[in-house]
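> Mind looking over this structure? Questions follow.
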Amino acid sequence: MSEQPWTIESIRDALGNPALAQRFLAEINRAPAHQLLGVFARWERIAKDTLAAVERGRAIAAAEARGEEPTAGWSDATDRVLTDADRIRACGAA
Numbered sequence: 314m315s316e317q318p319w320t321i322e323s324i325r326d327a328l329g330n331p332a333l334a335q336r337f338l339a340e341i342n343r344a345p346a347h348q349l350l351g352v353f354a355r356w357e358r359i360a361k362d363t364l365a366a367v368e369r370g371r372a373i374a375a376a377e378a379r380g381e382e383p384t385a386g387w388s389d390a391t392d393r394v395l396t397d398a399d400r401i402r403a404c405g406a407a
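Residue numbers (my numbering): 314 to 407.
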């Protein structure tokens, strides 16, 4: 997808999930003209992130199929996430 410019159709297809694609189409169709580019850019980022996640998942599955440990080089972020969550709660976030 990186070689082709993003379109409404390509974003819809990249989202993969019909409910998510419908949400995108509803937002893009209801956006006022002055907000259209922002809505498009946000959903383009979501589509890119979705495609990247799919590729990572496929790479992990391929590594596991070869008998490799695909997460061996990953760092455990659990403590950092829990610390961030505690800090956010302390600031009064829901």
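Positions of the beta carbon are idealized from the N, C-alpha and C atoms, including for glycine.
For chain D, is any of its Cβ atoms less than 8 Å away from the one on glutamine 335?
Of the protein chains in this structure there is only one, and it is not chain D.
> State whether the stretch 357-366 contacts the stretch 324-334, with contact taken as three or more CB pairs (one from each stretch) at a distance under 8 Å.
Touching, yes.
> Skipping 5 residues on each side, what residues in its chain have a beta carbon closer than 7 Å to that of glycine 380?
Locating residue 380 in the sequence shown gives position 67, where the first residue counts as 1. Correct list: empty, nothing qualifies.
> When the distance is taken between beta carbons, is tryptophan 319 closer than 8 Å to glutamate 357?
Locating residue 357 in the sequence shown gives position 44, where the first residue counts as 1. Locating residue 319 in the sequence shown gives position 6, where the first residue counts as 1. Contact: yes.
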